[in-house]
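Counting from 1, position 145 in the sequence shown corresponds to residue 145 in full-length UniProt numbering; the numbering is continuous, with no gaps. Glycine included, C-beta positions come from ideal geometry on N, C-alpha and C. All figures in this text were calculated on a predicted structure; none of them were measured in a lab.
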Amino acid sequence: MIGFLSLQLVEQELRRSEVWREKVKELSDLNSRRNWESALIKQDLLITVCLQILLNMSEDLRIENKMQRKGLLNLLFNALEHSSSSKLNNSGAIIERLISFIPPITTSNNRPSSSKENETEILFPLFSLLFNCSFELTSRRRMVQCGLVSLLAPYICDFNIALALMYQLSMEEDAKAMIAFTDCISILSNLLFNQNNNNKQINLKNKRIQLIKCLLINIVLEKRNAQLICGTNGQGLDALMSLIFEIEKCEDTLTVKIARNIATHEGPTREMFGKWMPKIVENFIIKLNSTTTKENSFQNYTFALECLGICVLIPEVDWLELDQNFEILNFLKNLFEKIFDGNLNKFGVINDDLVLQAVMFCGTLASHNLQMAEKVESELLPFIVEIIKARQEDDEIILQSIFAIICLLSCGGNLAKRLCIEENEESIIGILLNFLHNKNPKICQLCDKALVKAAVNEYILPSGLVLNSEELLRDSEFLNSVVAPIQGR
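Structure representation (structure tokens):
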């Protein structure tokens, strides 16, 4: 009964409060305005006392459920506007309790307007409420559109819940762009790089540090954020790579994932990786080799996979020199042999991920220069062909395999001619023709591009003629009438 009366009182006084506030705005007489403002303060105290009663009663789960069914949540959202700190505190505390009784979508349309109060006891329940609502897509996007990112940034250093909320918001592309115009990057960099050196192992497992890394993984996908992390002279990237290889001793995959996402951006940020590539190559080779000898094989595998992913994205380094120092092609050859033997399965390694990255790396190496492309053709191309035949159901692997072939064909000269010389179904041309009518349009487009490159390299075409591989496949008479094989010249 007391709870019901308190609820009615809150509802009635909130309704009266809106009317009174509008009346105060219309008053021009100073004394009358002061009287009404005094009445509003007393009314605010009355609502605060009622909310305190409801807060005390809400410790009982059954009463909490009744409050939610009676529509208290909507009243509380209204109470958050034009409120005193004590009233805000009570409202936020009750909302935090009631939020667990309803799905996020029902509360997403009733979010409170941002409060200007900075007291810790107010911010924590407010951030908790926003965090719970952020799991619903529409609500999260509205938070971003309302500019919550810039308002939240100053608090991520002091509130773990604010850090978690920023992570939720960072899933939106607009939020990633907004973060570049806040102090978020500098705050996160300081938190990550200025860990206590005496507690490295403790910090490595610290949930807060892990959350910081997860947030950075998301936000560096925005090019401007990646540039801010790296700094003008690469000092930020150097600090990150030192953290990976020297402080953490290659034990945390999340940190190297940050570096991998930074490497996705073309331009100066990629060039900054040059001096770290020997270390990256060395580690992915060592870690993958150690998956068969250590108990933590999966951890080594995931770390190596991220390092390999960085190598795939950095074509600007001298891969010939790195191959001489680390025997990269020989390692890839042995890796493909193990994959076909299935030796990596006994530790639960996900072979498809490794195959995909290895094939993509072949494309990166083949596009480096003619000398490296010839090495890839002689040592790795047979494995790529076998992968195409064995993994036909995996569109992504097929796409990357065909792209690697295109990189080889793009070198031209004798290398490209050798790829086109055989005329059977297992030849490069035969494989490309088989995939030309694949249900995946991207595969068809790549095959078309590869066949055109093959035709240009293998045959001399009349000037001005544009050759299309669809015409090659449909009409053999077209091929015979238009092209003259080099072998017959």
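Cα-Cα separation, residue i to residue j
| i | j | result |
| --- | --- | --- |
| phenylalanine 340 | glutamate 246 | 35 Å |
| asparagine 325 | asparagine 334 | 17 Å |
| isoleucine 217 | asparagine 225 | 11 Å |
| glutamate 172 | phenylalanine 435 | 36 Å |
| asparagine 35 | asparagine 132 | 40 Å |
| threonine 264 | glutamate 13 | 56 Å |
| tryptophan 319 | lysine 417 | 24 Å |
| leucine 322 | valine 256 | 20 Å |
| serine 410 | alanine 404 | 10 Å |
| leucine 129 | asparagine 56 | 19 Å |
| cysteine 447 | leucine 211 | 43 Å |
| isoleucine 53 | leucine 188 | 41 Å |
| valine 376 | cysteine 362 | 7 Å |
| threonine 364 | isoleucine 285 | 17 Å |
| arginine 124 | glutamine 227 | According to the sequence as given, residue 124 is phenylalanine; it is not arginine. Looking at the two C-alpha atoms, the distance is approximately 32 Å. |
| threonine 253 | leucine 152 | 27 Å |
| threonine 302 | leucine 148 | 35 Å |
| threonine 232 | aspartate 238 | 12 Å |
| glutamate 11 | serine 139 | 25 Å |
| leucine 305 | isoleucine 244 | 14 Å |
| cysteine 307 | isoleucine 179 | 27 Å |
| phenylalanine 127 | asparagine 261 | 28 Å |
| methionine 143 | valine 220 | 21 Å |
Residue i in three-state terms, based on DSSP
| i | result |
| --- | --- |
| leucine 415 | helix |
| phenylalanine 331 | helix |
| proline 268 | helix |
| proline 441 | helix |
| residue 509 | Residue 509 is absent from the model: the chain starts at 1 and stops at 489. |
| isoleucine 156 | coil |
| aspartate 318 | coil |
| valine 220 | coil |
| leucine 451 | helix |
| glutamate 374 | helix |
| glutamine 392 | coil |
| alanine 404 | helix |
| alanine 304 | helix |
| glutamate 379 | helix |
| proline 462 | Residue confidence is low: proline 462 scores 38 on pLDDT, short of 50, so the model does not pin down where it sits. Its coordinate-derived value is still stated next. Residue state, collapsed to three classes: coil. |
| alanine 263 | coil |
| cysteine 250 | coil |
| aspartate 353 | helix |
| serine 290 | helix |
| asparagine 434 | helix |
| phenylalanine 131 | helix |
| aspartate 29 | coil |
Which listed residue (the options) has its alpha carbon closest to that of residue i
| i | options | result |
| --- | --- | --- |
| asparagine 330 | Ile262, Ser378, Asp448, Phe135 | Ser378 |
| leucine 5 | Ile212, Glu37, Met67 | Met67 |
| isoleucine 388 | Tyr301, Phe336, Thr364 | Phe336 |
| glycine 236 | Arg34, Ser32, Thr269, Thr253 | Thr269 |
| isoleucine 431 | Lys417, Leu451, Gln52 | Leu451 |
| proline 154 | Gln168, Ser139, Arg141, Ser186 | Ser186 |
| serine 401 | Gln357, Asn351, Arg21, Asn414 | Gln357 |
| leucine 313 | Ser367, Glu321, Asp252, Ser297 | Ser367 |
| glycine 234 | Leu446, Ala259, Glu18 | Ala259 |
| alanine 390 | Leu370, Glu248, Asn351 | Asn351 |
| leucine 46 | Val24, Asp60, Arg16 | Arg16 |
| leucine 75 | Lys42, Leu9, Ile41 | Leu9 |
| alanine 215 | Leu165, Asn194, Ser139 | Looking at the sequence provided, one finds leucine at residue 215 rather than alanine. Per the Cα distances, Leu165. |
| glycine 274 | Lys249, Met241, Glu251, Ser290 | Met241 |
| leucine 419 | Asn438, Ile443, Glu374, Arg208 | Glu374 |
Any C-beta of chain D under 7 Å from that of residue i
| i | result |
| --- | --- |
| glutamine 324 | No chain D appears in this structure, which consists of one protein chain only. |
Practice task
Give, in chain order, every unbroken run of the alpha helix (DSSP H) that is at least 4 residues long and sits entirely within the segment 135-197.
Solution key: Listed in chain order, they are 137-145, 148-152, 160-169, 173-179, 184-193.
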